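Peer 1: Here's a structure for you.
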């Protein structure tokens with residue numbers, strides 16, 4: 046039998062032979078790219094921007110594990126464990142809790158696509174880039190968007206929000222818990238109860254804050270909460286997670302129109318992630334390797350404990366702030382109670398161009414910090430703190446960052462990569478962020494975040 050199979054495979058027959066001849070009748074127009082004929086090489090550096098963050102060895106090892114099918118029972122078990130981990134870091138018992146294949150932007154769109162219908166009133170707190178993005182998505186969906194705009198560094202009070210709720214009668218309010226473009230921590234206590242009095246749902250972005258500062262979804266009355274994998278959790282970028290309260294679920298499941306995105310349709314995703322007690326149906330091919338890393342990152346924070354993570358971020362932030370202020374640098378957020386423990390915004394000293402400072406710290410110290418985003422672009426520069434081990438002191442990593450900023454600031458023109466006087470000569474703030482630099486906007490901020498996860502084991506640089 047095997048000989049017959051071998052003979053049949055060796056003799057493709059006249060029809061197949063003609064097909065192969067046709068396929069070979071065209072010459073290749075594009076040669077193999079030279080860059081792809083050699084292995085990939087990535088420089089080692091300390092990532093202290095807004096994200097991604099350096100990965101712990103356990104998380105990196107997960108990326109080398111055997112791939113399994115997205116509908117294998119073992120994969121379903123991993124998905125269930127991830128859901129439990131999300132419920133832990135969100136502090137929620139919501140059954141409708143799942144992962145979105147995509148970044149935090151994707152989770153934001155998933156929330157708005159499923160909750161809002163054309164013509165719905167949508168109240169948006171715009172005190173940085175993420176409020177701007179929420180407003181943009183809402184407008185594209187046909188919602189009646191009502192922005193509450195603040196200057197960079199501002200936050201919202203209960204009275205201000207109540208005025209907006211009374212005036213616009215929205216079905217949904219958006220607030221950013223940790224505004225990474227300015228380093229502001231938005232208080233959340235009381236906002237859920239206030240929204241519910243006005244029959245409004247509360248949507249909160251916790252991409253830059255989750256795991257680094259206290260957050261209680263159920264106790265704070267948050268109806269929709271989402272976050273990302275690559276910040277404090279130290280997982281690979283590319284996945285986000287979201288949870289919906291019963292009130293939010295009722296709004297989504299009683300809508301009159303279908304969500305315009307099939308890919309982000311929560312009814313389908315809820316089934317795929319085992320949230321509806323029905324047999325799971327295939328929806329899309331999930332990023333198996335990325336989910337391995339997310340599972341391990343959630344396991345690490347579960348082992349460490351949320352309260353320990355919050356405490357260590359608070360201590361790391363206080364240490365970094367002392368070091369920065371000792372250099373004569375000014376923090377962008379004046380009120381210590383409103384400073385985000387995961388992102389520090391620092392004012393660019395008068396006479397310095399934030400781009401030169403960022404470049405100098407990267408070139409000479411292998412440390413990545415970054416400028417502001419959106420309305421804070423060019424206003425702030427940042428330096429982040431990240432401890433050198435999960436249960437080790439955070440001081441070594443921070444001690445590397447602060448001197449780098451100090452040297453960049455005082456470097457003289459004759460030295461390599463000297464800091465020249467640039468357009469930012471008015472003491473604009475600088476922000477510490479942990480995310481990639483977005484396309485240039487009006488230059489006002491530079492940033493570096495304090496995604497100083499105390500669970501992260503850094504490579505030796």
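Numbering (the numbering used here), first residue to last: 46 to 506. Quick reminder that beta carbons are idealized off the backbone N, C-alpha and C, glycines included. Just so it is clear, the structure is predicted and the values come from calculations on it, not from any experiment.
Give the straight-line distance between the Cα atoms of residue 305 and residue 320, rounded to the nearest whole angstrom.
Peer 2: Cα to Cα, the separation comes out at about 21 Å.
Peer 1: Tell me where the alpha helix (DSSP H) around residue 308 begins and ends.
Peer 2: No alpha helix (DSSP H) holds residue 308; DSSP gives it neither H nor E.
Peer 1: Quick check on the burial criterion: 16 or more other C-beta atoms within 10 angstroms. Buried or exposed for residue 330?
Peer 2: It is exposed - the Cβ of residue 330 has fewer than 16 other Cβ atoms within 10 Å.
Peer 1: If you follow the alpha helix (DSSP H) that residue 408 is part of, which residue opens it and which one closes it?
Peer 2: Run containing residue 408: 399-410, per the alpha helix (DSSP H) assignment.
Peer 1: Within 10 Å of its beta-carbon, does residue 226 have 16 or more other beta-carbons around it, so buried, or fewer, so exposed?
Peer 2: Buried, since its Cβ has 16 or more Cβ neighbours within 10 Å.
Peer 1: So residue 393 is in the beta strand (DSSP E); what residue range does that whole segment cover?
Peer 2: No beta strand (DSSP E) holds residue 393; DSSP gives it neither H nor E.
Peer 1: If contact is defined by three or more beta carbon pairs under 8 Å, each pair taking one atom from either stretch, is the stretch 125-145 in contact with the stretch 280-295?
Peer 2: Contact holds: three or more Cβ-Cβ distances are below 8 Å.
Peer 1: On the three-state DSSP scale, how would you describe residue 82?
Peer 2: Three-state result, residue 82: helix.
Peer 1: With distances taken between CB atoms, is the gap from residue 175 to residue 250 smaller than 7 Å?
Peer 2: The answer is yes: Cβ separation under 7 Å.
Peer 1: If you check the beta carbons only, do residue 387 and residue 253 fall under 7 Å apart?
Peer 2: Closer than 7 Å, so yes.
Peer 1: Run the CB neighbour count on residue 80, radius 10 Å, all protein chains shown included, and call it buried at 16 or more, exposed below.
Peer 2: The residue in question, residue 80, is exposed, as its Cβ has fewer than 16 Cβ neighbours within 10 Å.
Peer 1: Tell me, which residues are paired with residue 194 by DSSP?
Peer 2: BP columns for residue 194 point to 171.
Peer 1: From residue 180 to residue 311, what does the alpha carbon distance come to, in whole angstroms?
Peer 2: Cα to Cα, residue 180 sits roughly 21 Å from residue 311.
Peer 1: Regarding residue 170 and the ligand ZN, is the C-beta to nearest heavy atom distance less than 6 Å?
Peer 2: Here there are no bound small molecules, and the ligand ZN is not part of this structure.
Peer 1: For the candidate residues 415, 408, 416, whose alpha-carbon lies nearest to that of residue 89?
Peer 2: Residue 89 has its Cα closest to that of 408, out of 415, 408, 416.
Peer 1: Indicate whether the contact test is met: 3 or more Cβ pairs, each with one atom in the stretch 189-208 and one in the stretch 344-363, closer than 8 Å.
Peer 2: No, the stretch 189-208 does not touch the stretch 344-363.
Peer 1: Whose C-beta lies closer than 6 Å to the C-beta of residue 120 among residues of the same chain, with five residues either side of it excluded?
Peer 2: Excluding sequence neighbours, residue 120 sits near 113.
Peer 1: With DSSP run on the structure shown, which of helix, strand or coil describes residue 288?
Peer 2: Note: residue 288 maps to strand in three-state DSSP.
Peer 1: Just tell me which of 405, 146, 83, 72 has its CA closest to the CA of residue 282.
Peer 2: Comparing Cα positions, the closest option is 146.
Peer 1: Within 10 Å of its beta-carbon, does residue 87 have 16 or more other beta-carbons around it, so buried, or fewer, so exposed?
Peer 2: Residue 87 should be labelled exposed.
Peer 1: Any contact between the stretch 220-234 and the stretch 148-167? By contact I mean 3 or more CB pairs, one from each, below 8 Å.
Peer 2: No, the stretch 220-234 does not touch the stretch 148-167.
Peer 1: Give me the Cα-Cα distance between residue 405 and residue 368, rounded to the nearest whole angstrom.
Peer 2: Using only the alpha carbons, I get a separation of about 19 Å.
Peer 1: Could you give the DSSP three-state label for residue 278: helix, strand or coil?
Peer 2: Of the three classes helix, strand and coil, the one that applies to residue 278 here is coil, per DSSP.
Peer 1: In the DSSP assignment, what are the bridge partners of residue 331?
Peer 2: In the DSSP output, where bridge partners are listed per residue, residue 331 has none listed.
Peer 1: Going by DSSP in three states, residue 158 sits in which element: helix, strand or coil?
Peer 2: Helix at residue 158.
Peer 1: Report yes if the CB atom of residue 247 is closer than 7 Å to the CB atom of residue 237, and no otherwise.
Peer 2: Result yes, Cβ atoms of residue 247 and residue 237 sit closer than 7 Å.
Peer 1: Excluding the 5 residues preceding and the 5 following residue 156 in the sequence, name in chain order all residues of the same chain whose CB lies nearer than 7 Å to its CB.
Peer 2: Counting only Cβ-Cβ distances below 7 Å, and skipping sequence neighbours, we find 248, 269, 271, 287.
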